[in-house]
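K.L.:
Quick one: the structure is below, questions incoming.
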Amino acid sequence: MTKNGQFITFEGIDGAGKSTHIRFVQQLIEDHGIKVVSTREPGGTELGETLRSILLNQKMHLETEAMLMFASRREHLAQVIEPALASGKWVISDRFTDASFAYQGGGRHLSIEKLNALERWVHPHLQPDLTFLFDVPIDVAKARLDATRTLDKFEQENSEFFTNTRNEYLRRAREFPNRFRVIDSTRSIEEIRAEIQEIVNDLITKQRTMTHKKATR
Ligand code: ADP
Ligand code: TYD
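Numbering (this note's numbering), first residue to last: 66 to 282.
Written out as structure tokens, the structure is:
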């Protein structure tokens, strides 16, 4: 796959605050004249959205759940993510494969070998360029969720599940420090925005410099 745009993902346990910042990041990038595709997982395609409603509402075997997450992802990559990146658009996705490692791996204890195998199958050559991990203690996330919505299958999980999910996210952030930015999401929305803005502006500058170098080679 030819990749001309940048791929940004948003991660964190439910209620950490990631959705709050997605529109803001989209606008920030568009203000630089760059086209953006904003999408989500599970979902992002017609089939993916059907799988999403099954995944968020029905109980199923852990491995079925993991495989359906990756089935939705395969379709998403083929129909949305890869064509957009190839055409030079930037893609921002509300969750991607790190969520499978955190939820199915950390939360539900699916082995990392099986998750690695699914990842190698579905996207052997693609990783996000930048991953924001919105990190908060689980009681803060839970309080934010309780205040706002009816809880889906994952959001109804217990504290142990979310502790393990959060820890797996943090472990992956340590494993892949080049692309992860851990955002302390206990701060105010304004403070978080300022930090995110700086990180996104750096990425835009980096991409522009690389494109310029290629053009003058
Ligand atoms: P997520 O997408 O991570 O599940 P949301 O962005 O939907 O979380 O946020 C969950 C709730 O918490 C929303 O009501 C949102 O307004 C609120 N919220 C988000 N970020 C903050 C913050 N930094 N401080 C206080 N409340 C927040
Ligand atoms: P999300 O879009 O954050 O839900 P909401 O619309 O309520 O903000 O994510 C849906 C749920 O799916 C979330 O609880 C995490 C879960 N999930 C996994 O368990 N594995 C995955 O690979 C993905 C992408 C999501």
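Built from N, CA and C at the ideal position, the CB exists for glycine as well.
If you're wondering where the values come from, they're calculated on a predicted model, not measured in any experiment.
(1) Please tell me whether, using a cut-off of 6 Å, the distance from the CB of Gly77 to the nearest non-hydrogen atom of the ligand ADP is below it.
(2) Just to confirm before moving on: does the CB-CB distance between Trp155 and Gly70 stay below 7 Å?
(3) Rounded to whole angstroms, what is the Cα-Cα separation between Ile119 and His277?
(4) Using 7 Å as the threshold, is the C-beta distance between Val201 and Thr281 below it?
(5) Which term fits Met117, buried or exposed, when burial requires 16 or more other beta carbons within 10 angstroms of its beta carbon?
(6) Per the contact definition of three or more C-beta pairs closer than 8 Å, is the stretch 83-100 in contact with the stretch 201-212?
(7) Verify whether the separation of the beta carbon atoms of Ala238 and Leu175 is less than 7 Å.
(8) Can you find the residues in the same chain that come closer than 6 Å, C-beta to C-beta, to Phe245, ignoring five residues on each side of it along the sequence?
(9) What span of residues does the beta strand (DSSP E) with Val145 cover, start to end?
(10) Flag this pair as touching only if the stretch 135-152 and the stretch 181-190 have three or more C-beta atom pairs under 8 Å; answer yes or no.
(11) With DSSP run on the structure shown, which of helix, strand or coil describes Ile94?
(12) Can you tell me whether Arg214 sits near the ligand ADP, meaning its C-beta is under 6 Å from at least one heavy atom of the ligand?
P.N.:
Taking the structure as given:
(1) yes
(2) yes
(3) 45 Å
(4) no
(5) At residue 117 the sequence reads Arg, which differs from the Met that was named. Arg117 should be labelled buried.
(6) no
(7) no
(8) Thr196, Leu198 and Ala238
(9) No beta strand (DSSP E) contains Val145, which DSSP labels as neither H nor E.
(10) yes
(11) helix
(12) no
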